[in-house]
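Data first, discussion second: the structure below is written as structure tokens.
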Amino acid sequence: MTFCFDIGGSKIVSAWVDDQGSIEERGRQATPVDDRTAFYRALRDSCPDGEDAVGIAIAGVIDPRSGQLTSANIPCVSGHCLADDLQQYLGRPVYLINDADAFALAETHWGAARDHASVLAIILGTGVGGAIVLEGGLHAGHAGLAGEWGHAPACALRTGESLPLLHCLCGQRGCVDTLGGARGMERLYRHAYAAELDSVSIVNAWLSGQAQAAHVVDIWLDIVGGALAAAINIIGPSTVPVGGGLASSKALIAALDREVCRRSLTTCESSLLYPAASGPEQGLAGAAWKVQQSVRGAFTARPA
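This note's numbering puts the sequence shown at residues 1 to 304.
Below, the structure is given as structure tokens:
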């Protein structure tokens with residue numbers, strides 16, 4: 001059994017994961033995104049006693065050369081060599097992996113994507129992430145940036161909507177990441193109607209036929225579907241597992257699948273996108289897989 005954390009911009013989930021990728025959740029709490037001391041303390045207080053290695057899947061890019069984390073959604077640890085810091089703070093080995101990479105590996109080795117040679121896994125959570133697995137191996141790319149389709153420019157070509165041009169914590173403006181995740185859907189609602197509504201309520205209202213929510217979801221599908229279709233045209237995956245909180249709505253992912261299939265060059269004979277059956281915290285299983293492979297000396301990420 002391996003103890004792991006899945007850390008996003010909204011929550012920290014902890015769990016035990018066995019050698020077959022089965023997850024036994026132990027707790028969840030809000031992520032202290034602006035207080036590094038509180039962030040470290042939250043992990044320490046959740047860790048079991050002992051010196052065994054811990055796996056952490058986190059929303060952010062990890063430079064494979066320096067170990068430095070860049071995280072748009074967790075600014076308090078962005079710019080730090082988080083694995084080294086936590087190893088010292090927790091007093092045990094720590095293996096850090098990007099949450100989308102962890103999700104992709106879990107789906108490829110233990111999930112519905114295990115029979116596919118080319119996989120683009122995407123995260124639709126607080127923000128947007130992605131990862132590529134080719135022939136069972138993670139394709140990290142230069143500086144660990146492969147699969148980061150969320151930092152392409154956001155546009156709504158089908159609906160012709162004018163979009164808010166927002167600063168992304170990656171340093172650019174107008175990224176898909178600012179509008180494509182759960183917080184992005186809420187920003188679109190605020191922009192269109194000058195009102196506050198959380199993403200779960202927006203999706204539920206869309207499902208019930210509420211006009212304003214339907215309008216916002218259509219814009220969201222335009223933005224995310226267009227960006228994802230472009231990524232699919234470049235990578236050519238045979239399947240696209242979807243993780244993150246928005247993947248809990250099968251209807252939303254089915255609508256996104258239809259949008260993507262209409263706009264990509266791939267001939268879709270069946271669904272290309274699917275919500276991960278194991279739920280939005282599948283990154284926990286990927287973090288455990290990395291620990292298990294690293295301890296055995298077998299973990300590799302394919303270079304660019």
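Every residue gets a Cβ at the ideal spot worked out from N, C-alpha and C, and that includes glycine.
Checklist line | Extent of the continuous alpha helix (DSSP H) to which residue 220 belongs | finding: Per DSSP, the continuous alpha helix (DSSP H) segment holding residue 220 begins and ends at 211 to 235.
Check: Does the beta-carbon distance from residue 234 to residue 144 come in below 8 Å?
Finding: Going by C-beta atoms, residue 234 is not nearer than 8 Å to residue 144.
Next item on the list: Could you pull out every residue in the same chain whose Cβ sits closer than 8 Å to the Cβ of residue 302, ignoring the five residues on either side in sequence?
Entry: Its pLDDT being 39, under 50, residue 302 is placed unreliably in this model, and the value from its coordinates should be taken loosely. Closer than 8 Å at Cβ, skipping near neighbours: 134, 137, 138, 139 and 140.
Checklist line | Span of the alpha helix (DSSP H), counted from its first residue to its last, around residue 25 | finding: Per DSSP, residue 25 belongs to no alpha helix (DSSP H); it is in the beta strand (DSSP E), 23 to 30.
Check: Would you say residue 187 and residue 166 are within 8 Å of each other, going by their C-beta atoms?
Finding: Yes, they are a contact pair.
Check: For residue 124, which of helix, strand or coil comes out of DSSP?
Finding: Strand.
Notebook entry, point to check: Under the DSSP definition of a beta bridge, which residues are partnered with residue 16?
Noted result: Paired residues: 3 and 24.
Next item on the list: Using beta-carbon positions only, say whether residue 180 and residue 150 come within less than 8 Å of one another.
Entry: It is a contact, given that the beta carbons lie within the stated cut-off.
Next item on the list: Kindly indicate which residue of 36, 241, 99 and 248 has the alpha-carbon position closest to the one of residue 287.
Entry: The closest CA to that of residue 287, considering only 36, 241, 99 and 248, is found on 99.
Notebook entry, point to check: Taking just the CA atoms, how far does residue 105 sit from residue 129?
Noted result: As the crow flies, the alpha-carbon of residue 129 is around 14 Å from that of residue 105.
Next item on the list: With distances taken Cα to Cα, identify the nearest neighbour of residue 220 among 268, 232 and 160.
Entry: Distance check between residue 220 and each of 268, 232 and 160 places 160 closest, using alpha-carbon atoms only.
Check: residue 11 to residue 86, Cα distance in whole Å?
Finding: Straight-line Cα distance between these residues: approximately 18 Å.
Notebook entry, point to check: Taking one C-beta from the region 251 to 270 and one from the region 221 to 233 each time, how about it: are there three or more such pairs within less than 8 Å?
Noted result: Yes, they touch.
Check: residue 239 bridges to which residues according to DSSP?
Finding: Beta-bridge analysis with DSSP links residue 239 to 119.
Notebook entry, point to check: With distances taken from CA atoms, which of 26, 64, 83 and 79 is nearest residue 53?
Noted result: Taking only the C-alpha atoms, the option nearest residue 53 is 83.
Next item on the list: Quickly, what does DSSP pair residue 137 with across the bridge? List them, please.
Entry: Looking at the DSSP assignment, residue 137 forms a beta bridge with 134.
Note to self: Going by C-alpha to C-alpha distance, which of 290, 158 and 127 sits closest to residue 218?
What the structure shows: The shortest C-alpha separation from residue 218 is found at 158.
Notebook entry, point to check: Cβ of residue 193 within 8 Å of Cβ of residue 212?
Noted result: Going by C-beta atoms, residue 193 is nearer than 8 Å to residue 212.
Check: What's the gap between the Cα of residue 264 and the Cα of residue 230?
Finding: Spanning the two alpha carbons is a distance of roughly 7 Å.
Notebook entry, point to check: Taking one C-beta from the region 231 to 250 and one from the region 113 to 127 each time, how about it: are there three or more such pairs within less than 8 Å?
Noted result: Three or more Cβ pairs closer than 8 Å define a contact, and the region 231 to 250 meets that threshold against the region 113 to 127.
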